[in-house]
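In the numbering used here, the protein residues as written are 2 to 312.
As C-alpha cells, the structure follows; a few thoughts come after it.
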Ligand SMILES: [Ca+2]
Ligand SMILES: [Ca+2]
C-alpha cells in the first residue's frame, strides 16, 4: 500500500462529488498519448472519490463511442473502478469490457456530441490507497459483444454445462456477469472451462449483482466443456441466479479469410462471430459452436476453493 509521500495527486477531497468536479479544470487533451484525455490521480484515503469532467468530441469528429479506462500504477496499488455520469448527474449505461488484473474499462456506446460527462474513479470495494492512470478515448466503433451463454441456476439446478467445439485457434475475451432476484443472499456464479482431458483451463467468479469480471483465453481447436455453477456463501441457501457469458473473439487464421467483401463493413476489422453463413462451405474457418445449457454431462471436479473461503 502506498503511503502519503508516494501519492501523485492528493486532492484533499475537493473533487469527491460531481458538483465539485465542475470546479476543476476539464481534463486536458493529451496529444502525446493514444488517449483523448489522460490523467494520473490518487486514491489518497479509503473515503476518497475522484470525479473528472470530460467533454465529448464534436459531432464533426464522428466519434460517439466513449471508452474510459482505469488501472493501478503500482504492482500492489489500487484496482480502480470507473463509472460515467451525464451532466445532470445520472449514471450513463456503459458496457464493462475489462475487469481483470487491476484494469477496469467501460464503454459508453453513444454519447451526445459536445456534451459534458463526469467520470468517477474509486477503489474497487473501496479498498486500498494508491495511484491510478485514467484514460478517456472517443472512438468511432464500439466493441462488439457477443453473448456466448446465458441461463438460470437455482438450488435444484445448481450447475449447467455447455459443449464448446473450437475449429481454429481463437483468443476469447470473456466477460462473466451474475444477477440474482434475491440480493439479500450473498452469492456468486463461477464459470469453469475444461479441456478435452478434463483439466481446468479457465475459471472466474462473478458476484451476483456485482461488477462483471473478465479474462482472456486462447483456445486451440478441440472440444471443451464449460460449466456454470452457483456459489452461494451459505451452501444451504441458493437464490435464483442468472449468468451471462459475453465477450468477443479475436483470431488470426493463417491465409485469407473466406469473407464476402460485399458485406463486410469497411475498415472495421470486424471480429464478429455473428456471420456464420459461410461456415458450411469452409469448416476450417467456422466459428466455435456452443451447445447444451440445461443438460448435466457428468460432473467434473472443481479444484478451486470456495470463492467465499477465507473471505
Ligand atoms: Ca483523489
Ligand atoms: Ca477526491
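Ideal Cβ positions, reconstructed from N, Cα and C, are used throughout, including at glycine.
Predicted model, so just to flag it, every value in this text is computed and none were measured.
Exposure label - residue i; buried when at least 16 CB within 10 Å
i, result
"residue 135", "buried"
"residue 228", "buried"
"residue 16", "buried"
"residue 79", "buried"
"residue 208", "buried"
"residue 161", "buried"
"residue 21", "exposed"
"residue 90", "exposed"
"residue 235", "exposed"
"residue 199", "exposed"
"residue 111", "exposed"
"residue 191", "buried"
"residue 181", "buried"
"residue 237", "exposed"
"residue 193", "buried"
"residue 155", "exposed"
"residue 98", "buried"
Check whether residue i and residue j have beta carbons under 8 Å apart
i, j, result
"residue 85", "residue 113", "no"
"residue 172", "residue 201", "no"
"residue 52", "residue 19", "yes"
"residue 116", "residue 88", "yes"
"residue 163", "residue 45", "no"
"residue 188", "residue 213", "no"
"residue 83", "residue 55", "no"
Close Cβ partners of residue i (< 7 Å) along its chain, the five nearest in sequence each way excluded
i, result
"residue 216", "101, 175, 203 and 205"
"residue 247", "146, 147, 148, 149 and 176"
"residue 143", "66, 108 and 110"
Own chain, CB closer than 6 Å to residue i, minus 5 neighbours either side, in chain order
i, result
"residue 70", "106 and 136"
"residue 81", "71, 105, 122 and 133"
"residue 151", "245"
"residue 75", "131"
"residue 109", "67, 85, 93 and 95"
"residue 224", "166 and 197"
"residue 153", "243"
Expected contact under 8 Å - CB spacing of residue i and residue j to nearest Å
i, j, result
"residue 233", "residue 240", "7 Å"
"residue 157", "residue 231", "In fact, because the Cβ distance is near 10 Å, the residues do not count as touching under 8 Å."
Any non-hydrogen atom of ligand 4 within 7 Å of residue i CB
i, result
"residue 249", "Annotation note on ligand 4: not contained in the displayed structure, which lists ligand 1 and ligand 2 as its ligands."
Residues of its chain near residue i, where Cβ-Cβ distance is below 8 Å and the 5 sequence neighbours each way are ignored
i, result
"residue 64", "58, 139, 140 and 141"
"residue 41", "9, 10, 74, 132, 133, 134 and 135"
Please go through the region 214-254 and give each complete beta strand (DSSP E) segment of 3 or more residues, from N-terminal end onward. 214-220, 223-233 and 242-252
Completely contained beta strand (DSSP E) runs for the region 128-171, where each covers 3 or more residues: 131-140, 147-154 and 160-167
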